[in-house]
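Notes follow the structure.
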Amino acid sequence: MKVEQISIFIENKSGRLAEVTHVLGTAGVNIRALSLADTSDFGILRLIVDKTDQAKSALKAGGFTVSKTEVVAVEVPDRPLGLYGILEVLDRGKVNVEYMYAFVERCGGNAVIIFRFDNPEEAIRVLTANGVGVLAGERVYSM
Amino acid sequence: MFWNEEFETLPRAAIESLQLKRLQHVVQKACATVPFYRESFARAKVTPEMIRSLDDLRRIPFTLKQDMRDNYPYGLFAVPLEEIVRIHASSGTTGKPTVVGYTQRDIEMWAELMARSFVAAGAHRGDIIHNAYGYGLFTGGLGAHYGAEKLGASVIPMSGGNTKKQIMIMQDFGSTILTCTPSYSLYLAEAAAEEGIDMSELKLRIGIFGAEPWTEEIRAEIESKLNIKAIDIYGLSEILGPGVAIECVEAQKGLHIWEDHFIPEIIDPATGEVLPPGEQGELVITTITKEGIPMIRYRTRDITRLISEPCICGRTHVRLARMSGRSDDMLIIRGVNVFPSQIESVLMTVEGVEPHYQLIVDREENLDTLEVQVEVNEKTFSDEIKVLQDLSSRIRKEIKDILGITCKVRLVEPKSITRSEGKAKRVIDKRTM
């Protein structure tokens, strides 16, 4: 039920972000979702792509520091209090959210949000036990 | 194992009487043949006859690198040019190069001391010595080369550069000993890894590294990445070239300086006073057997101390502690003396941090600033900002705790710090006075 995310270390200087997307593009990799977290010196670009391993090796060959992490794609009802309902479930289950970002596509009547948890197994258990939809990796990569 | 057991294990008293006899001879000779020495002795009101004990050495004025520049190119030669068979020079990055000349006997003595050094490092006949020190005007390449031949080992005269080929040759020729700068050995390991080659699986057994200051932490890094014993060698062209002093493989603790050819002293770099035994300061060397250019009380600018306790290897020659920096590349940052090697030591204690770093010194509103750039690798990288920020604040705190200076730590992308095939350039000082 987990989704593979790649993260890339990017120095804050012009052209680096463009370079990442160029490397991915020429490797035939399509980006499904992304989030950029930044500080004054550096940023971390997090991506869900259709071909994770290809993306990782192309970026490594391009001289970037890349890591792979497991995240969880959660279906969130697309209405007021939709996200609240899910965060509340997580809170009651004592699951801590490291960070989250929205997926580009919708899934039926739902939005999709990517969550990074300390303990993804426990998070998935809590979510599914409460009837919250969690998307499988294959489903997400091909959306 | 010894190369020249008799001389390497001479009793203390015998070393000192040999040193005195040779010192008196070299002082006579230098004053007779080199106008520079004649004048500097005269100014200090010292005559060669006044040197009656080793203690009298301290009456003699120092010789500085500037004196070599002032006498460029041949002014310090003590023999006519027709007796000089080889000329080397330092890189001259800060002006004219310093030129040194060797007689045939100097070359033989140098090869003898390099052969001694190789054996002390654990080398023997039958070793395949991959010599990646630069050949040319720099003394490293040819110094190691002649010593290796004298030892009877097989030398591969690689010189520096051409990294991919270096790795191929090491693999195919089965090199057992690598000689180069410590930073280049790590660069080789890194380049090999990129080619999918694990250097720890090569036949290399020993690395003999010098020509730039390095630390115990870098030694540990090299020893684990290359799966070898890393030995520290010391030398400088003004004195001889490589082979002035070397660590023995038995102890790997301090570098035996060949006292039958050199007299070491430690002085306070600020006052020039000779320091009591064991204290740290600037190394001063007098050559007592060199013919081409005798150097009397040459200030090396290298910071070390003398270790006179007996060594487990049986050699009686005093040891130089690992060089902790240079009195001339010491940075003064907001009044604090900082050696790049101290920062390196701090960085290497932080788990996962690469040995590639650079120090940027600048001045903002009359205040010195220090930025330490550290490369992020897969071990230190995380997809969470807070983990990376914790890493940089940990480095900042360690530097503050150990050196007492506040710095900015900047995490940079891998390979963004320029790699060097010779001496690593660690400091960029942008301050204009």
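These protein sequence lines map, in sequence, to chains A and B. Last residue of the first sequence: number 126 in this note's numbering, and the count goes up by one each step with no gaps. Last residue of the second sequence: number 1501 in this note's numbering, and the count goes up by one each step with no gaps. Glycine residues also receive a C-beta, built at the ideal position from the N, C-alpha and C atoms. From a predicted model like this one, the values you see are computed outputs, not experimental measurements.
- For Leu42/A, the uninterrupted alpha helix (DSSP H) run begins and ends at Thr35 to Ala44, by DSSP.
- Contact between the region 73 to 82 of chain A and the region 31 to 40 of chain A is not established, with fewer than three Cβ pairs separated by less than 8 Å.
- Excluding residues up to 5 positions away in sequence, Ala1298 lie with their Cβ nearer than 6 Å to the Cβ of Arg1287/B in the same chain.
- In the DSSP annotation of this structure, the continuous segment of the beta strand (DSSP E) that includes Asp1436/B starts and ends at Leu1435 to Glu1443.
- A check of alpha carbon separations from Ile14/A across Ala20/A, Thr22/A and Val3/A identifies Val3/A as the nearest.
- Ala20/A is bridged by DSSP to Ile27/A.
- Glu1333/B sits in a strand when the DSSP states are folded into three classes.
- Arg1184/B and Asn1199/B have their C-alpha atoms spaced approximately 17 Å apart.
- Distance from the CA atom of Pro1079/B to the CA atom of Thr1384/B, rounded to whole angstroms, is 7 Å.
- Under the three-state reduction of DSSP output, Asp1124/B falls in the helix class.
- Proximity of Pro1482/B to chain A, defined by a Cβ-Cβ separation below 8 Å, is satisfied.
- Of all residues in the region 1436 to 1451 of chain B, only Glu1443, Val1444, Asn1445, Glu1446, Thr1448, Phe1449, Ser1450 and Asp1451 place a beta-carbon less than 9 Å from a beta-carbon of chain A.
- Arg1487/B has a beta carbon lying at 8 Å or more from every beta carbon in chain A.
- Proximity of chain A to Arg1478/B at the Cβ level (cut-off 9 Å) is accounted for by Glu(-6), Asp24 and Phe25, in chain order.
- The continuous beta strand (DSSP E) containing Gln(-12)/A extends over residues Val(-14) to Glu(-6).
- Taking CB atoms only, Gly11/A has no neighbour in chain B less than 8 Å away.
- Excluding its 5 nearest sequence neighbours in each direction, Ser1253/B has C-beta neighbours in its own chain below 7 Å: Leu1246, Gly1275, Phe1277, Ile1290 and Leu1294, listed in chain order.
- Sequence-distant Cβ neighbours of Glu1076/B in its own chain, meaning closer than 6 Å and more than five residues away, are Phe1070 and Arg1383.
- Excluding the 5 residues flanking it on each side, Ala10/A has same chain C-beta neighbours closer than 6 Å at Gln37 and Ala41, in chain order.
- The three-state reading of DSSP puts Cys1316/B in coil, since its state is none of H, G, I, E or B.
- Cβ-Cβ separation between Val109/A and Val72/A: approximately 6 Å, consistent with a contact (criterion under 8 Å).
- In the DSSP assignment, no residue is bridged to Phe1145/B.
- Interface residue (Cβ-Cβ distance to chain B less than 8 Å): Arg29/A is classified as such.
- Non-local beta-carbon contacts of Arg1106/B in its own chain, meaning distances under 6 Å to residues more than five positions away in sequence, involve Cys1099 in chain order.
- In this structure, Arg1402/B is the residue among Gly1420/B, Arg1402/B, Pro1310/B and Pro1408/B with its C-alpha nearest to the C-alpha of Asp1436/B.
- For Arg1367/B, the number of other beta carbons within 10 angstroms of its own is at least 16, and it is reported as buried.
- Here Glu1481/B is buried, its C-beta having at least 16 other C-beta atoms within 10 Å.
- Contact with chain A is found for Ile1453/B, since one of that chain's Cβ atoms lies less than 8 Å from the residue's Cβ.
- Rounded to the nearest whole angstrom, the CA to CA distance from Ile1331/B to Leu1125/B is 10 Å.
- Against chain B, the CB of Gly120/A has no partner CB under 8 Å away; the residue lies outside that interface.
- C-alpha of Arg1111/B to C-alpha of Arg1127/B: approximately 12 Å in a straight line.
- Cβ-Cβ distances below 7 Å link Glu1318/B to Ile1380 and Cys1381 in the same chain, with the five nearest sequence neighbours on each side left out; the list follows chain order.
- Val1440/B is positioned such that its CB atom lies closer than 8 Å to that of Leu1427/B.
- Going by beta carbons, Ala20/A and Ile1353/B fall outside the 8 Å limit.
- If you ignore the 5 residues before and after Gly45/A, its C-beta comes within less than 6 Å of the C-beta of Val6, all in its own chain and listed in chain order.
- Closest option to Gly1309/B, judged by alpha-carbon separation, among Gly1360/B, Gly1211/B and Ser1243/B: Gly1211/B.
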